[in-house]
Structure formats: C-alpha cells, structure tokens
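Below is one structure, written out as structure tokens, with a few remarks after it.
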Amino acid sequence: MSTRASDDGYDIYKTQDGGRSMKLGISAFAWTRSFGMKHLSWLPKVREYGFEGLEIPMFRPRDLPVAPLRMAFESNELDCTVCVILPSGVNPIDADSDVRRRALAHLVECVEVAAELGARLLGGPVYAPIGYAVERRSTEEEWKRAIEMLQRLGEKLDENRMRLAVEPVNRSETSLLRTTEEARRLCAEIGNPAIGVTVDTFHANIEEKCIASSIERLGPMLSHLHLSENDRGVPGSGHVPFPEIVATLRKMEYEGYGVIEGFGYAADEPDSPGALLADYAVSPEDIALRGLQYIRSLSVREC
Ligand code: LER
Ligand code: MN
C-alpha cells in the first residue's frame, strides 16, 4: 500500500528519518469476538480512522461472512490479517491421533478461509486451545506434536501464499508456548520460512523479563505484533513500555503489522471480550482512536 499522509499531518508510514515503519491495524476484538454481517459497516470507519488493516478473530472459519467481508476489505482498501483461536476440543497437540487429525483439518480450513478473505497472514495460538494444560507443564511429546502439525500445515500455507505467525500466550491461557524464546525455538525446529512469531505485548508483559529485548532477539523471525496494554485497555494508558518497544522496532526496521489488540465496552455487544473485561468507560472507539494516536505519536518521535 502506498505511503500517505493522515489528517493530522503525520505521515504514519514513514519515520522522521524517512525510513519505512510498521503498518498499523486494529483487531475486531476491540468490538466483538463474533464478526458477522452487521459488522461490515465498521470497515469504512476503520479506514477513516487511519488504519491500514483490520484483524479478524477466527474461531469457526465458515461462520464468517467470507464473500461480503472480502468485498468490504477490497472496497475500503484495507488489509486483512486473521487471528485463529482454536475452539475447545480442536487440539493439535492432543495425545489422541483422531483429535489431531481433526485439528489439522480445522487449521487447513482456517488457511483456506483466510486466503478467501484476501489475507496474507494468519496468527494466533494455533498450537492449542485456550485453557488447555494450564495446570501443568507441557511435555516433550506435546512439543513434538506441535512441530509435526505445523510442518504438515506448511504445504497448505505455500499453496495459499500465507504466512503463519505463531503467538505465545501467557501461562493462564496454555502452557506450551509462553515466551518469545520458546516460540523462536519452535519456529526454528519447524524450519519453514513462512512460519514466524507474533509477539503480543499483553502476554509478553507477563512472561518476559524485558519485552523490547525479547522482540529484538527474534530478529527476522518477528512476523506480527499485537500492541496490547497490560489490561487490554487503550495502549498508552497502562505500564507496557511502548516507547522502548517502538524504538526497538524502528531499530530492527520492522515493516510488518502492529495490530492494536484491546477490548472496549459496548452495551450492545454482549459477545465481546470487553463485555467481561473492559472498563465501562472505555469504548471500542477509544481503543482504536486513542490507541492509534498514541502509537503514532511514538512512531514519529525519536524515542
Ligand atoms: C489472541 O491474539 C490472544 O492474544 C489471546 O490471548 C486470545 O485468547
Ligand atoms: Mn494477541
């Protein structure tokens, strides 16, 4: 997508020294977890706000309104990224080979539907459902099953020119991949250049000693980023060290997406993560607009 200036005079796709910076997107999680037809009208708004991309949470891929959604992405000149969250029971690292077979079929469908949406990047904790094995350490067998599963998915990724960005999540969501170093090691063992890492600063804030250094150590294996505050509120309103993180990304010349993943409260969206977790005073629009303004302010300043 070409470089363009935004209304407030910032050229958000160029840094002050003229280099390219990361592209900015917003996750639909700010509003809802179940994106449907009634949400298509958001895409012009997301574009108007100044985002280049919108991330769609994908639970059951065929539940999404695929064809109209793709048209809306195209007509609003927005990039689509996808975040896969595996429904319970869809488990790529289960001991039962039938469960693993069904999990592979599910992941294949995720890649296919993401491609139908026009996405080029699929992220999320694709190795286990949220809540799996939180009460114990993961095992060597589970590690090997994750590698085997994602190696087997490689052909489907290639066929659809899709990148996969595996997301480590904190200890209360699953135990297999918690840190960026574990994710880096997993991807290195998979050995497919189409498979890299998503860093989510909410999870990293719990699991890393230093978020910025953990990102820097990934180098080119950093494929995607979730810009999330420590409480999933508006980026910049909490204690995630975004100035240091953005400075590191600039040093790395990171050109991938930084997707704001925060949860807002809206009374008419009961199926949103924010219905349970967001501050009543923080709307989805606050997450988007105030978050974007804050991240932009860091992107144009020498940090
Ligand atoms: C998905 O991007 C994520 O961060 C997970 O915590 C969702 O459960
Ligand atoms: Mn995330």
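By the working numbering, the letter at position 140 of the sequence shown is numbered 140, and the numbering carries on one by one without gaps.
C-beta atoms are modelled at their ideal positions from N, C-alpha and C, and glycine is treated no differently.
Worksheet item: Skipping 5 residues on each side, what residues in its chain have a beta carbon closer than 7 Å to that of residue 146?
Response: 92, 93, 127, 176, 186
Fill in: The beta strand (DSSP E) enclosing residue 83, as first and last residue numbers
79-84
Worksheet item: Thinking C-beta only, is residue 30 closer than 7 Å to residue 284?
Response: yes
Worksheet item: the ligand MN heavy atoms versus the CB of residue 231: any closer than 6 Å?
Response: no
Worksheet item: Is residue 258 buried or exposed, if buried means 16 or more other CB atoms sit within 10 Å of its CB?
Response: buried
Worksheet item: Taking the beta strand (DSSP E) that residue 58 falls in, what are its first and last residues?
Response: 53-58
Practice prompt. Report the residue from 38, 52, 153 whose alpha carbon sits nearest the alpha carbon of residue 23.
Written response: 52
Practice prompt. Measuring from each Cβ to the nearest heavy atom of the ligand MN, keep the ones under 5 Å and list them in chain order.
Written response: 200, 226, 261
Item to complete: Drop a sphere of 10 angstroms on the beta-carbon of residue 312, count the other beta-carbons inside from all chains shown, and report buried for 16 or more, exposed for fewer.
Response: This structure cannot speak to residue 312, because the chain is shown only from 1 to 303.
Item to complete: Assign residue 49 to one of three DSSP states: helix, strand, or coil.
Response: helix
Worksheet item: Exposed or buried, what is residue 270 when buried is set at 16 or more other beta-carbons lying within 10 Å of its beta-carbon?
Response: exposed
Item to complete: Within the stretch 253-288, note down every full alpha helix (DSSP H) run reaching 4 residues or more, in order along the chain.
Response: 273-277
Discussion item. Is it buried or exposed, residue 7, if we count other Cβ atoms within 10 angstroms and call 16 or more buried?
Written reply: Low local confidence applies: a pLDDT of 43 at residue 7 is under 50, so the model's placement there is unreliable, and no value is given.
Discussion item. Among the candidates 149, 194, 28, 203, whose CA atom is the shortest distance from the CA of residue 168?
Written reply: 203
Discussion item. Quick check on residue 201: does DSSP put it in helix, strand or coil?
Written reply: helix
Worksheet item: Taking the alpha-carbon positions, what's the residue 268 to residue 192 distance?
Response: 43 Å
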